[in-house]
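Sequence order for the protein chains is B and X.
Under the working numbering, the first residue of the first sequence is numbered 1368, with each subsequent residue one higher.
Under the working numbering, the first residue of the second sequence is numbered 1368, with each subsequent residue one higher.
Data first, discussion second: the structure below is written as structure tokens.
2 protein chains.
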Amino acid sequence: MPRSVAAHRQAVVDLLTGVVSGKGNVTLPLLEALGKALAVDVYAPLSLPPFANSQMDGFAVRSADIPDGGAELQVAEPVPAGAAPAALKPGFAAPIMTGAMIPDGADAVVPIERATPDSFPDPATVGAVVELPPVAPGTYVRDSGSDIAKGALALPAGTRMGPAQLGLLAALGLTTVEVREPWRVLLVTTGDEVVEPGEDLTAGKIFDSNGTLLEASMRQAGLDVVRTGISDDDPSKLLAVLRRHAAPSDRRVDVIVTTGGVSKGAYEVVRQALANQPVDFLPVAMQPGGPQGLGSFDGVPFLGFPGNPVSCLVSFEMFLRPALSRVLGTPAPRPVMKARLAESLASPEGKHQVRRGTLDPDGTVRMEGGAGSHLVHALARANALVHIPGDVTELTDGDEVEVWML
Amino acid sequence: MPRSVAAHRQAVVDLLTGVVSGKGNVTLPLLEALGKALAVDVYAPLSLPPFANSQMDGFAVRSADIPDGGAELQVAEPVPAGAAPAALKPGFAAPIMTGAMIPDGADAVVPIERATPDSFPDPATVGAVVELPPVAPGTYVRDSGSDIAKGALALPAGTRMGPAQLGLLAALGLTTVEVREPWRVLLVTTGDEVVEPGEDLTAGKIFDSNGTLLEASMRQAGLDVVRTGISDDDPSKLLAVLRRHAAPSDRRVDVIVTTGGVSKGAYEVVRQALANQPVDFLPVAMQPGGPQGLGSFDGVPFLGFPGNPVSCLVSFEMFLRPALSRVLGTPAPRPVMKARLAESLASPEGKHQVRRGTLDPDGTVRMEGGAGSHLVHALARANALVHIPGDVTELTDGDEVEVWML
């Protein structure tokens, strides 16, 4: 029985969980932490707002000074944002700007539009007065700590650091943040038939797209990628490459990913090279990307993806990427949406089929290319993965499917 | 009448469209182009697949050699992936691996599972035979050019370069790609009340979060960001900063963004500094982020965002980011989803309200914090912007709303 997609994903999660304890944290300037996962809980070193301030341009008043019918108050010194104002005397109203500190004694703000006159007097005017309507205590006052109180949990460990999270840390006066040390992944593409882009393409050969496709995917997911060039179909050479990067040292990689050489053919270099390592080569009930390798090489977690580019991308998106999200907090999971098929589809029974499609703004999804795992041009037109569960063999246009946005 | 959100977004698009013609292209190694927009149409320099190859491990045959009842064929030399095989002689079947080149003369592949015996003979065996069922011409053959033909359009100009697009270019043998030159944006935060994170916070002051929040947002959107530190409320100092970066030179910025100083208070430094420039300061029917500045400074497109951090983020997400997507092709538009409210909401009539929320896996969205534009801690918990159109004033829990995933 092939393993289910969910069971294999869980096996990848279990495998990667062991890496976490061996990795440390690094302290980075805020902007360098963009896209990384917070390593520790961060508590607020001050309250936000740090002081009560005005939500409007208007007059700061003592609400008790204004009876139901309104009152005429003397105009005090204006309070611009950034100033430390004097206390407000009874019977006075202080012109105050949005964000400026509420003076001691004041407990409410009347917006300028409700004042008579409805504009601020020239600050040079002596003895100006303003007529104001009554106002409830607290009106248009942003209390100190109303967003977060000093000492409260600002961000829990594991939070992905996006613009808003970094903005919060800056608002709290912080300039650096402790994030999880990035993982180093060794990426080895294999196959006698594969040559580097830019080299000569002789009969029977193809250019390596897996390396570029997966390195780009891994970089987007926040991994540091180590490339070795292409390994041919000689198991002893592949072994030597893997041993060098798995040997204990400060350059040891945290995860190894290979492409190709994991199915049941006669020349499966990855299977052959790893015959004496605790690695399972097994079918997963998925198409494409069915043959998978999973285990460890000299103690380093190992994933063996199949050799076709679409299979590589699907393997990454279905297994490694979600496992990283679960274990590390980054990258963000793919947005999951429901869409209506623009065409009818058939899918093999017992296999979770992952098709590539374009989700259009009207909520329908069109397939890009057929099921073939070599269709990299079709893949490059797609913006979504389309999921057809293993127990579904026929779908009609208009049927609802789950899609993951790429 | 305040300007509508759609009209203001279009005005930003129009403003930025003028920048495009002044910018050139740059040629980058594939992986450095990740996330950038293709500057030119790319045509396929070769067909994919480059040659007909096998979709399965099996036997390459001349289909005409096998009558309806099946046939026993002599086993030819095996064809591993990467080899240039000899032509297949009539009456022979060549063991062939997935991805290997179909020999001249062969026109179909019989999978190994359907052969008798169902495993490949040792290549050293002389005179081995195999019994094979009939097969239609073309079966399990991936034809040359079936993904893309040589000379066809591989990727149109404007394509965002993600893993699949870069993988396609690698498959086509390319090592570099021509992308649009990144834009340089000058980001100036203003206000007497704002101090840099890490400095002393005296009474009435707050730490600048807008700079970090917007620089992170702009970097994620692919912009090169130039920072100047905080400009205080002296218009002449702000003018000097803007003039320096807008002066014709090879360091001239392409866009200027300021925060703060655009509303109707008494100390609006941006309005004052730009009084003699073609800039409109106008209300947009949106909350938060209503007051906006738009125009140009010494010929450089100018956007003036309001001063609260949530207003800054909403201004960026509602105006600048979608305008960049439209004009440049990058960044990718935010995924738009429908969600059901987890609570009831009120919204001011005539204003498009943009609330911050968390979309849960069950498809419901909870608000994070109230409507206040200073709530940066609440913002940091949100994963989505929740849209309440201007003509909606009351929503009940369970009602459907549009959300944009952050």
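Cβ atoms here follow ideal geometry from the backbone N, Cα and C, with glycine treated the same way.
Only a predicted model underlies this, so the values are computations on that prediction, with no experimental measurement involved.
Which residue marks the beginning of the beta strand (DSSP E) containing residue i, and which one marks its end?
i	result
Arg1618(X)	First-last for Arg1618(X): undefined, no H or E at that position.
Arg1733(B)	Thr1731 to Met1734
Ser1598(X)	Asp1591 to Ser1598
Thr1543(X)	Thr1543 to Arg1547
Arg1551(X)	Arg1551 to Thr1557
Gly1425(X)	Gly1425 to Val1428
Pro1504(X)	Segment: none, Pro1504(X) is in no beta strand (DSSP E) and carries neither H nor E.
Leu1395(B)	Asn1392 to Pro1396
Ala1482(X)	Where Ala1482(X) is concerned, there is no enclosing beta strand (DSSP E), given that its DSSP letter is neither H nor E.
Val1493(X)	No beta strand (DSSP E) contains Val1493(X), which DSSP labels as neither H nor E.
Ala1521(X)	Leu1520 to Leu1522
Determine the burial state of residue i: buried for a count of at least 16 other Cβ atoms within 10 Å of its Cβ, exposed for fewer.
i	result
Asn1643(B)	exposed
Arg1618(X)	exposed
Pro1564(X)	buried
Thr1557(B)	buried
Asp1600(B)	buried
Arg1509(B)	buried
Lys1705(B)	exposed
Asp1775(X)	There is no way to answer for residue 1775(X), as the model of chain X reaches only from 1368 to 1773.
Val1493(B)	exposed
Thr1625(B)	buried
Pro1452(X)	buried
Val1387(B)	exposed
Glu1735(B)	buried
Ala1313(B)	Within the shown structure, residues of chain B are numbered from 1368 to 1773, placing residue 1313(B) beyond reach of any answer.
Glu1560(B)	buried
Thr1569(X)	exposed
Thr1697(X)	buried
To the nearest whole angstrom, what separates the beta carbons of residue i and residue j, a pair I think is in contact under 8 Å?
i	j	result
Thr1526(X)	Ala1404(X)	7 Å
Gln1353(B)	Val1637(B)	Outside the shown range of chain B (1368 to 1773) lies residue 1353(B), about which nothing can therefore be said.
Leu1661(X)	Ala1378(X)	6 Å
Ala1519(B)	Tyr1410(B)	7 Å
Pro1417(B)	Ile1597(X)	With 8 Å as the limit, Pro1417(B) and Ile1597(X) do not qualify as a contact, their Cβ atoms being about 16 Å apart.
Val1476(B)	Met1423(B)	6 Å
Ile1809(B)	Ala1427(B)	This structure leaves residue 1809(B) out entirely; chain B is present only between 1368 and 1773.
Ala1588(B)	Arg1707(B)	Between Arg1707(B) and Ala1588(B) the Cβ distance is about 30 Å, and since that is not below 8 Å, they are no contact.
Pro1673(X)	Gly1627(X)	7 Å
Leu1580(X)	Pro1530(B)	5 Å
Arg1722(X)	Val1753(X)	4 Å
Asp1665(B)	Trp1550(B)	Wrong, their Cβ atoms sit about 17 Å apart, outside the cutoff.
Ala1709(X)	Thr1731(X)	4 Å
Sort out for me which residues DSSP pairs residue i with in a bridge.
i	result
Phe1459(X)	Gln1441(X)
His1719(B)	Met1653(B)
Asp1647(X)	Leu1661(X)
Ile1433(B)	DSSP output for Ile1433(B) lists no bridge partner at all.
His1754(B)	Val1721(B) and Glu1769(B)
Asn1675(X)	Note: Asn1675(X) sits in no beta bridge, so no partner.
Val1777(X)	Chain X is shown only over 1368 to 1773; residue 1777(X) falls outside these bounds and no answer can be derived.
Ile1573(B)	Val1561(B)
Val1629(X)	In the DSSP output, where bridge partners are listed per residue, Val1629(X) has none listed.
Asn1388(B)	At residue 1388(B) the sequence reads Ser, which differs from the Asn that was named. Looking at the DSSP assignment, Ser1388(B) forms no beta bridge with any residue, so it has no partner.
Phe1683(B)	According to DSSP, which records beta bridges pairwise, Phe1683(B) is partnered with nothing at all.
What residue range does the alpha helix (DSSP H) around residue i cover?
i	result
Met1585(X)	Asn1577 to Gln1587
Pro1417(X)	Looking at the DSSP string, Pro1417(X) is not in any alpha helix (DSSP H), and its letter there is neither H nor E.
Leu1708(B)	Taken as a continuous stretch (DSSP letters only), Leu1708(B) belongs to no alpha helix (DSSP H), being part of the beta strand (DSSP E) at Val1703 to Leu1708.
Pro1689(X)	Arg1688 to Leu1695
Ala1613(X)	Pro1602 to Ala1613
Indicate whether residue i and residue j have their beta-carbon atoms separated by less than 8 Å.
i	j	result
Leu1746(B)	Val1677(B)	yes
Ile1755(X)	Leu1726(X)	no
Leu1535(B)	Val1743(X)	yes
Leu1554(X)	Val1593(X)	yes
Gln1421(X)	Thr1483(X)	Looking at the sequence itself, residue 1421(X) is Ser, so the reference to Gln does not match. No, these two residues do not count as a Cβ contact at 8 Å.
Pro1447(X)	Ala1431(X)	no
Leu1641(X)	Leu1383(X)	no
Glu1548(B)	Gly1391(B)	yes
Leu1395(X)	Asp1514(X)	no
Ile1469(X)	Ala1521(X)	no
Ala1613(B)	Val1646(B)	no
Leu1413(B)	Val1544(B)	no
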